[in-house]
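The block underneath contains the structure these notes are about, expressed in structure tokens.
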Amino acid sequence: MDRLLLTLLVIACFLLALWGMRRSWRRRARSQSAVLPPFPQKPAEPGEELLPEAKGLYVSTTTAGNWQDRIVTRGAGLRGRAVLRLYPAGLEIDRAGAPGFFIPRESIVEAGRSNAIAGKVMGTDSLLVIRWRLGDAELDTGFRGDDLDVYPQWIQSLSEREIKGGAQ
């Protein structure tokens, strides 16, 4: 009988912890929705792709410079497979099983490599991090590509202020 009560107590504590985490996640999403405008969507005519698409893992989006302050509103907190596509109009992040979004070219501040962003910490600079503006906020979006050798080309292309036309 004591063993059954102890087991039920442990299960109840576990379920209470899950409920608390879910409630906290939803409250955070609501508060961020009030501060951040909706993520941009891909325009109807973004132009031709400037680089071959990069496949990999969308890790997360955080407030700029704060690698643990995850943005969870509008599905941005969901990690999953993704494809990056660069157009003259901006960068498309096409996520599998979650809403994708588009970062307009004029919103991109910089791009670089990092070893950590909310949801992923690594010993090497194997994350591609794009810093961009959304309304009054600056955000960092992290992507872990399947092929890390394409990062220098992506960083250079994302850092250019003006598109010189055509694929590079």
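Just so we're aligned: 155 in this note's numbering is position 115 of the sequence shown, and the numbers increase by one with no gaps anywhere.
Built from N, CA and C at the ideal position, the CB exists for glycine as well.
For clarity, every value in this text was computed on a predicted model and none was experimentally measured.
Please state whether the Cβ-Cβ distance between residue i and residue j is less than 8 Å.
i, j, result
"L167", "N155", "yes"
"A177", "L45", "no"
"R184", "K160", "yes"
"T103", "I157", "no"
Considering only residues of the same chain and omitting the five flanking positions on each side of residue i, which have a CB-CB separation below 6 Å?
i, result
"G211", "The structure shown does not extend to residue 211, since the chain is modelled only from 41 through 208, so no value can be given for it."
"G115", "A138, P139"
Hey, could you find the ends of the alpha helix (DSSP H) residue i is sitting in?
i, result
"F54", "42-75"
"L198", "191-199"
Going straight from the alpha carbon of residue i to that of residue j, what length do you get?
i, j, result
"A84", "L198", "21 Å"
"G152", "I170", "7 Å"
"A69", "T113", "4 Å"
"Q193", "S71", "36 Å"
"P80", "T181", "14 Å"
"P92", "G163", "27 Å"
"I133", "R125", "7 Å"
Exposed or buried, what is residue i when buried is set at 16 or more other beta-carbons lying within 10 Å of its beta-carbon?
i, result
"I51", "exposed"
"R110", "buried"
"S100", "buried"
Quick one: what's got a C-beta closer than 7 Å to residue i's C-beta in the same chain, skipping five residues either side?
i, result
"E150", "R171, S199"
With respect to the beta strand (DSSP E) encompassing residue i, which residues constitute its N-terminal and C-terminal limits?
i, result
"E85", "Counting along the chain, E85 falls outside any beta strand (DSSP E), and DSSP gives it neither H nor E."
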